[in-house]
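Heads up, the thing below is written out as structure tokens.
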Amino acid sequence: MEDVKKSIWMIRWMALLLCCIGLFYAKSAAVYAGNLTGVANLHQKDAKTNSFKVEWNKDVNAEAYEFQYSADGSSWSKGTMVYNVYHSVYGLNSGRSYYVRMRSCAGRKLGTYTVFSAWTAPLEVITAPERVKSEDIKQTDGTAKTITVSWKPAEGASFYEVMYEKNGSWFSAGTTTSSGYTIKGLETDTLYYISVKAVRRSRTGFESGYYYSGGHRCYTTAPKVTGCTLKSWDTATNNIMLKWDSVTKYGNGYEVRIYNLSGKKIKSFKTAYRSKDFKLSSVKNKGFTFQVRAYKDIDGKSIYGPWSGKKVVIPQPRVILKKKGNSQMQLSWKKVSGASSYTIYRSTSSYRGFEKVKTVKTTKYLDKGLERAKTYYYYVVANKVKVKGKPYNSTKAERREIAYLSYSGKTNYIWQ
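Using the working numbering, the first residue of the sequence shown is number 4, and each one after it goes up by one.
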């Protein structure tokens, strides 16, 4: 009988205890349900090419947070319980948008939570696009002050930031939504390293992207070529040599263009040197103009600096000498196209002391009163060849052709 009473007493106490526990959980649930404020200020904190990180403000009554993400904003991942106020997701695709939502949790019971706040509105988050590799950047054009580059587009990029390196420091040149850009305001004939950062931007304005610090080698062109000169013109072989001042530090060479006196282009050359010799029958006894520009070969094409001014070159007639008696010399030469007259110069030295003898309108002249024992040297200048209305005389070459008569009576030539 005593045992039965004890059993009844124990049953009553257990029922009372269970009732109290139930009231406790019911009261706790009611408290949490009324005090969860939910997740606030959910925002993206970081992004890499395969991951993103989000943060939010602490809900003081939350025991945990449930996190979900989606690739399209409608199909959500299985909920993940988070016990901090930040969370990262890895193993994602680069240059993509994903969506995140969260809610606060409380009322943990038997390993689960029984009270939840409302889900946040879906937040767009992004991963960074793949980097634009240096080898994918190509220089497509350039001037003395600009460099134009293009590159292989990066999937998912909202825009690109173009960077350039100068004196060991990197600078932003600007941004573009296309896969090409012209950098302006650069120094002439200078090497730059160009890098492109592909950036993705979310609707909230968060941006992420990376660039290679090495960059791609690019160049501005040389300045305008100066000092264009006729070095020599061998009228016997019609071999012409031109020269100019060197102006390029990084260039591969120079382009030379030859025009007739009417302005029509008749020939173009390239040379690695600051001089060029050539033969061109169409300019013999006629003259020509020429201009020069420096160029640089880069990424499979040539970029060019500005042209020099056009240099007019008028030939010096080739003089033929023939002795007439003991004190006379017969001079003759070919007509220079467009010349109105010719001036004869003479000296008894091959390299100095030349004086004007006579200006004539014909292509021959008899020089009289010469001394029998002396050697005489001659050259002739063609006068007033008009080029675009302006008169030009025979161009003074650095090495002028001088004619003299040998002991055998043959006309010989030297260049002084």
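The C-beta atom is built at its ideal place from N, Cα and C for all residues, glycine as well.
Near S31, which residues of its chain fall below 7 angstroms by C-beta distance, leaving aside the five closest residues on each side in sequence? Numbered from 1 along the sequence shown, position 28 holds the residue referred to as residue 31. With a pLDDT of 44 at S31, under the threshold of 50, the modelled position of this residue cannot be trusted; read the value that follows with caution. Counting only Cβ-Cβ distances below 7 angstroms, and skipping sequence neighbours, we find G110.
Closest to T178 by C-alpha separation, out of S352, L194, R204 and K359, would be which residue? Mapped onto the sequence shown, residue 178 falls at position 175. Residue R204 is the option with its Cα nearest to T178.
To which residues of the same chain is T143 closer than 6 angstroms at the C-beta, ignoring the five residues directly before and after it? As a position in the sequence shown, residue 143 is number 140, starting the count at 1. The residues are T151 and S153.
Let me check understanding here. Comparing Cα to Cα, which of W310, K136, T191 and S278 lies closest to K148? In the sequence shown, residue 148 corresponds to position 145, counting from 1. The shortest Cα separation from K148 among W310, K136, T191 and S278 belongs to T191.
Rounded to whole angstroms, how far is the Cβ of Y416 from the Cβ of A400, which I believe are closer than 8 angstroms? Position 413 of the sequence shown, counted from the start, is the residue given in the question as residue 416. Position 397 of the sequence shown, counted from the start, is the residue given in the question as residue 400. Rounded, the Cβ-Cβ distance is 13 angstroms, inconsistent with contact.
Tell me the rounded alpha-carbon separation between R104 and G98. Taking the first residue of the sequence shown as position 1, residue 104 is located at position 101. Taking the first residue of the sequence shown as position 1, residue 98 is located at position 95. Taking the straight line from one Cα to the other gives about 20 angstroms.
Please go through the same chain and pick out, in chain order, the residues whose beta-carbon is closer than 6 angstroms to the beta-carbon of S249, but skip the five residues on each side of it. For the purposes of this step, residue 249 is taken as residue 246 along the sequence shown, with counting starting at 1. Counting only Cβ-Cβ distances below 6 angstroms, and skipping sequence neighbours, we find R277.
Closest Cα partner of G341 within the set T207, K389 and V383: For the purposes of this step, residue 341 is taken as the residue at position 338 of the sequence shown. Nearest option by C-alpha distance: K389.
Rounded distance between the beta-carbons of S73 and Y116, thought under 8 angstroms: Here residue 116 refers to the residue found at position 113 of the sequence shown. Here residue 73 refers to the residue found at position 70 of the sequence shown. With a Cβ gap of about 21 angstroms, Y116 and S73 do not count as contacting.
Rounding to the nearest angstrom, what Cα-Cα distance links G82 and A160 in this structure? Counting from one through the sequence shown, the residue named residue 82 turns up at place 79. Counting from one through the sequence shown, the residue named residue 160 turns up at place 157. Going by the C-alpha atoms only, they are around 29 angstroms apart.
Do you know how far the Cα of V128 is from the Cα of S77? Here the question's residue 77 lines up with position 74 in the sequence shown. Here the question's residue 128 lines up with position 125 in the sequence shown. Looking at the two C-alpha atoms, the distance is approximately 14 angstroms.
Is it right to say D62 is buried, meaning 16 or more other beta carbons lie within 10 angstroms of its own, or is it exposed? Mapped onto the sequence shown, residue 62 falls at position 59. D62 is buried by the Cβ-count criterion.
Below 8 angstroms on the Cβ atoms is my guess for Q331 versus K371; work out the distance and round it to an integer in Å. Position 328 of the sequence shown, counted from the start, is the residue given in the question as residue 331. Position 368 of the sequence shown, counted from the start, is the residue given in the question as residue 371. Indeed, because the Cβ distance is near 5 angstroms, the residues count as touching under 8 angstroms.
Run the CB neighbour count on Y89, radius 10 Å, all protein chains shown included, and call it buried at 16 or more, exposed below. Position 86 of the sequence shown, counted from the start, is the residue given in the question as residue 89. Label assigned to Y89: exposed.
From the DSSP output, which residues share a beta bridge with N60? Mapped onto the sequence shown, residue 60 falls at position 57. Answer is A43.
Are the Cβ atoms of L39 and S137 separated by less than 8 angstroms? Here residue 39 refers to the residue found at position 36 when the sequence shown is read from its first residue. Here residue 137 refers to the residue found at position 134 when the sequence shown is read from its first residue. It is not a contact, given that the beta carbons lie outside the stated cut-off.
Reducing DSSP to helix, strand and coil, say where F27 ends up. On the sequence shown, residue 27 is found 24 positions in, with the first residue counted as 1. Unreliable placement is indicated for F27, whose pLDDT of 41 sits below 50; the coordinate value is still reported in the next sentence. Here F27 sits in helix by DSSP.
I think M316 touches G290, with their Cβ atoms under 8 angstroms apart; what is that distance to the nearest whole Å? Locating residue 316 in the sequence shown gives position 313, counting from the first residue. Locating residue 290 in the sequence shown gives position 287, counting from the first residue. The displayed chain sequence assigns Val, not Met, to residue 316. Contact holds; Cβ gap of about 6 angstroms.
If M166 sits next to S172, beta carbons under 8 angstroms apart, how far is it from one beta carbon to the other, in whole angstroms? Residue 166 sits at position 163 when you count from the first residue of the sequence shown. Residue 172 sits at position 169 when you count from the first residue of the sequence shown. In fact, because the Cβ distance is near 10 angstroms, the residues do not count as touching under 8 angstroms.
Pick helix, strand or coil for N263, following the three-state DSSP scheme. Along the sequence shown, read from residue 1 onward, the residue named residue 263 stands at position 260. N263 falls in the coil class under three-state DSSP.
Do you know whose CA, among A67, D75 and N329, lies nearest V85's CA? As a position in the sequence shown, residue 85 is number 82, starting the count at 1. Of the listed residues, the one whose Cα sits closest to V85 is A67.
With a Cβ-Cβ cutoff of 8 angstroms, do G217 and Y196 count as a contact? For the purposes of this step, residue 217 is identified with residue 214 of the sequence shown, where counting begins at 1. For the purposes of this step, residue 196 is identified with residue 193 of the sequence shown, where counting begins at 1. A contact, by the Cβ cut-off of 8 angstroms.
Specify the secondary structure class of V228 as computed by DSSP and reduced to three states. Stepping through the sequence shown from its first residue, residue 228 is reached at position 225. Here V228 sits in coil by DSSP.
In DSSP terms, what I129 is bridged to: The residue labelled residue 129 in the question sits at position 126 within the sequence shown. According to DSSP, which records beta bridges pairwise, I129 is partnered with S100.
Give the secondary structure of V286 by DSSP, where H, G and I count as helix, E and B as strand, and everything else as coil. Counting from one through the sequence shown, the residue named residue 286 turns up at place 283. If DSSP states are grouped into helix, strand and coil, V286 belongs with the helices.
Could you check the C-alpha separation between F357 and Q319 for me, to the nearest Å? As a first step, residue 357 is located in the sequence shown; it is residue number 354 there, counting from the start. As a first step, residue 319 is located in the sequence shown; it is residue number 316 there, counting from the start. Roughly 15 angstroms separates the two Cα atoms.
Quick check on E168: does DSSP put it in helix, strand or coil? Within the sequence shown, the letter at position 165 stands for residue 168. Here E168 sits in strand by DSSP.
Among Y348, L324 and P132, whose alpha-carbon lies nearest the alpha-carbon of N53? Looking up residue 53 in the sequence shown gives position 50. Comparing Cα-Cα distances from N53 to each of Y348, L324 and P132, the minimum goes to P132.
Cβ of L245 within 8 angstroms of Cβ of T223? Looking up residue 245 in the sequence shown gives position 242. Looking up residue 223 in the sequence shown gives position 220. It is not a contact, given that the beta carbons lie outside the stated cut-off.
Please state whether DSSP places G412 in a helix, a strand or coil. On the sequence shown, position 409 is the one that residue 412 refers to. Three-state result, G412: coil.
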